[in-house]
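Comments concern the structure below.
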Amino acid sequence: NPLARARYLLAAHTPRQLPPDGGFEVAFAGRSNAGKSSALNALCQQNALARVSKTPGRTQQLVFFDVTAGSGGAAEVAPEDARYLVDLPGYGYAKVPQDLQAHWQAFLDGYFGSRMALRGLVVVMDIRHPLKEYDRQMLGYAVQRGLPAHALLTKADKLGRGAAGNTLQAVRRELSGAFGDTVSVQTFSGESKLGVDQARDVVGGWLQL
Ligand code: GDP
Numbered sequence: 003n004p005l006a007r008a009r010y011l012l013a014a015h016t017p018r019q020l021p022p023d024g025g026f027e028v029a030f031a032g033r034s035n036a037g038k039s040s041a042l043n044a045l046c047q048q049n050a051l052a053r054v055s056k057t058p059g060r061t062q063q064l065v066f067f068d069v070t071a072g073s074g075g076a077a078e079v080a081p082e083d084a085r086y087l088v089d090l091p092g093y094g095y096a097k098v099p100q101d102l103q104a105h106w107q108a109f110l111d112g113y114f115g116s117r118m119a120l121r122g123l124v125v126v127m128d129i130r131h132p133l134k135e136y137d138r139q140m141l142g143y144a145v146q147r148g149l150p151a152h153a154l155l156t157k158a159d160k161l162g163r164g165a166a167g168n169t170l171q172a173v174r175r176e177l178s179g180a181f182g183d184t185v186s187v188q189t190f191s192g193e194s195k196l197g198v199d200q201a202r203d204v205v206g207g208w209l210q211l
């Protein structure tokens, strides 16, 4: 599993703090508590990888995890060989001041609008509460850019198999109606590891790993 190489690299609060825009990266989005950290940890086979993203007061940042091949990571390869997972802040944390919000929105718009390295977006949704406004917004960002997106319906272990399958079908239908075939979806569980291999294949494919 190439994603098991993941190591925390940096947290960017401003565009200048982003790593060079040369390689391949996949961004992860989700409402807070959706299960995004658990999903990242499961994909990377690590227990506390995404914990850093949740440090209180540090929620308005893009957290980069390095999955570049080789022992030295991105620091030791040409920029075009760098590979990253990018953890976007969970939506729905404590309220932030209006001006900070505007700054953050501009940063995120810029990142989504022009980051060449960005090859795909994973949106993590609690299978019991899928396709909230924020999720649709993030999927819209990606599709507008012509980027593929993949939705994880996580915590599927909390539903019976039948109910999970029904939700999957309903969400798939709705996504294809709203976004066409650039958005795919699967059931997932960070707890039971359901769907972890499938999600790894999608992310690994986008990263050309
Ligand atoms: P984040 O805020 O999106 O990063 O969410 P977390 O990964 O921290 O998960 C939020 C809560 O949901 C925690 O209590 C997790 O233990 C729980 N959780 C996350 N993923 C799963 C899952 O697949 N199954 C179950 N049963 N609980 C999960």
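Going by UniProt numbering, the sequence shown opens with residue 3, and the numbers climb by one from there. Glycine is no exception: its CB is placed at the ideal position from the N, C-alpha and C atoms.
Proximity to residue i [Cα-Cα], best of the options
i      : options                           : result
Leu90  : Leu51, Ala29, Ala44 and Asn49     : Ala29
Gly142 : Gly164, Asp159, Thr169 and Ser178 : Ser178
Thr156 : Ala201, Ala77 and Gly74           : Ala201
Ser186 : Lys195, Asp203 and Glu193         : Asp203
His131 : Val173, Asp199, Ser39 and Asp183  : Val173
Ala41  : Leu209, Trp208, Ser191 and Asp199 : Ser191
Met127 : Leu51, Gly72, Tyr93 and Ala8      : Tyr93
Leu64  : Leu87, Ala50, Ala13 and Thr70     : Ala13
Asp159 : Met118, Val198 and Ala180         : Val198
Asp137 : Phe181, Tyr113, Ser194 and Arg18  : Phe181
Arg147 : Glu176, Arg117, Glu193 and Phe66  : Arg117
Gln210 : Gly122, Gln47 and Pro17           : Gly122
Trp208 : Arg175, Phe66 and Ala151          : Ala151
Gly162 : Ser194, Lys134 and Val145         : Ser194
Thr184 : Ala144, Thr169 and Leu196         : Ala144
Arg18  : Tyr113, Ala52, Leu51 and Leu87    : Tyr113
Leu87  : Arg53, Glu27 and Leu51            : Glu27
Pro21  : Arg175, Gly75 and Gln139          : Gly75
Opening and closing residue of the beta strand (DSSP E) in which residue i lies
i      : result
Met127 : Leu120 to Asp128
Leu154 : Ala151 to Thr156
Residue i (DSSP reduced to helix, strand or coil)
i      : result
Gln188 : strand
Glu193 : coil
Residues bridged to residue i [DSSP beta-bridge criterion]
i     : result
Phe67 : Tyr10 and Leu87
Gly32 : Val126
Glu78 : Its beta-bridge partners do not exist; DSSP assigns none.
Tyr93 : Arg33
Segment limits, alpha helix (DSSP H) that includes residue i
i           : result
Glu176      : Arg163 to Phe181
residue 273 : Because the chain here runs from 3 to 211, residue 273 falls outside it and cannot be looked at.
His105      : Gln100 to Ser116
Gly207      : Val198 to Trp208
Ser40       : Lys38 to Leu45
Backbone CA spacing between residue i and residue j [nearest angstrom]
i           : j      : result
residue 214 : Leu120 : The structure shown does not extend to residue 214, since the chain is modelled only from 3 through 211, so no value can be given for it.
Arg85       : Leu154 : 21 Å
Asp23       : Gln62  : 20 Å
His105      : Ala166 : 38 Å
Pro81       : Ser34  : 32 Å
Gly25       : Gly115 : 16 Å
His15       : Leu45  : 25 Å
Arg7        : Asp101 : 37 Å
Gly32       : Asn3   : 23 Å
Ile129      : Gln171 : 12 Å
Ala77       : Asp111 : 27 Å
Gln188      : Ala36  : 15 Å
Ser39       : Asn49  : 10 Å
Val124      : Leu5   : 14 Å
Val205      : Asp68  : 14 Å
Ala71       : Leu149 : 24 Å
Arg9        : Gln103 : 28 Å
Arg175      : Asn43  : 29 Å
Glu135      : Phe66  : 25 Å
Chain D within 8 Å of residue i, Cβ atoms only
i      : result
Val173 : In the structure shown, chain D does not exist; there is a single protein chain.
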